[in-house]
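Everything below concerns the one structure shown next.
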Amino acid sequence: MSVEVINEVIDEAAVGTDPVESFESTPEANLDDEGDIAADYIEELLDICDLDGDIDIDTRGGRAYISVNASGDTNIRVLSKPDTVNALQELTRLAVQTKTGAFSRLILDVGGSREARQGELARLVDAAVARIEAGEQSAALPAMSSYERKLVHDIVAERGFVSASEGDGRDRHTVITRA
């Protein structure tokens with residue numbers, strides 16, 4: 002994706018982004034609205050990039066989930082790299098926040114990249130658990146986003162171990178120990 006396309010996407014986020022006058026009061030309705038706003042934003046992005054994709058909106062665990070999947074012979078994989086998905090997610094959150102006036106915790110998935118990343122995280126946890134079972138006191142994982150650390154904490158708990166987040170900012174990571 003070129004710098005010009007990214008700048009155009011950022012400019013598009015600012016177009017027509019007056020805060021929503023009457024935001025419904027229930028959290029479920031707010032999440033539905035977030036999902037609709039995010040889907041509209043992503044649809045504009047796909048149009049700018051000349052990509053076709055099917056957009057699904059879901060709400061789970063107090064978050065709006067937006068999934069973009071290939072439609073026809075589109076090359077949606079160009080947007081499914083982890084760093085690209087994270088950047089697009091942040092841009093989409095900004096667009097939603099600008100429209101609603103409220104912080105957004107939405108999750109964006111492009112081409113199944115989140116599911117693939119969850120599999121990678123499970124393999125990282127399994128390797129860390131193996132090191133602990135081989136005699137290490139603890140095992141630290143690489144720094145990752147708060148969403149990924151949450152997934153890791155859930156996986157670690159399923160394996161019967163304990164985890165904690167340590168560090169600050171971009172260096173925040175998860176450390177696994179015996180229960």
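Using the working numbering, read the sequence shown as starting at 2 and increasing by one per residue. Backbone N, C-alpha and C define an ideal beta-carbon position, used for all residues, glycine too.
Is it true that the CB of residue j sits closer than 8 Å to the CB of residue i?
i: serine 68; j: aspartate 57; result: yes
i: valine 153; j: alanine 165; result: no
i: isoleucine 156; j: alanine 123; result: yes
Considering Cα atoms alone, identify which of the options is closest to residue i.
i: glutamate 159; options: Tyr66, Gly36, Thr101, Ala180; result: Ala180
i: aspartate 33; options: Ala65, Asp41, Tyr42, Asp48; result: Ala65
i: leucine 125; options: Ala140, Gly112, Arg115; result: Ala140
i: arginine 78; options: Gly112, Ser147, Asp172; result: Gly112
i: arginine 103; options: Glu35, Arg173, Asp172; result: For the sequence presented, residue 103 should be read as alanine rather than arginine. Of Glu35, Arg173, Asp172, the residue nearest in Cα terms is Glu35.
i: glutamate 121; options: Glu134, Gly136, Thr99, Met145; result: Met145
i: serine 114; options: Leu80, His174, Ala135; result: Leu80
Could you check if residue i is buried or exposed, using at least 16 other CB atoms within 10 Å of its CB as the buried criterion?
i: arginine 150; result: buried
i: serine 72; result: exposed
i: serine 147; result: exposed
i: glutamine 90; result: buried
i: arginine 61; result: exposed
From the beta carbon of residue i, is the nearest beta carbon of chain D less than 8 Å away?
i: arginine 179; result: No chain D appears in this structure, which consists of one protein chain only.
Rounded to the nearest angstrom, what separates residue i and residue j at their Cα positions?
i: serine 105; j: isoleucine 43; result: 15 Å
i: threonine 101; j: threonine 93; result: 12 Å
i: aspartate 37; j: leucine 46; result: 14 Å
i: proline 83; j: arginine 132; result: 27 Å
i: aspartate 110; j: valine 86; result: 7 Å
i: serine 23; j: isoleucine 108; result: Summary for serine 23: the model assigns pLDDT 36, below 50, so the residue's position carries little reliability; its value from the coordinates is reported in the next sentence. Looking at the two C-alpha atoms, the distance is approximately 24 Å.
i: alanine 40; j: valine 163; result: 37 Å
i: aspartate 48; j: asparagine 76; result: 13 Å
### Query
In chain order, which continuous runs of the alpha helix (DSSP H) of length 4 or greater are located wholly inside the stretch 27-81?
Correct list: 28-50.
### Query
What runs of the alpha helix (DSSP H), each 4 residues or longer, lie entirely inside the stretch 85-173?
You should have 114-134, 147-159.
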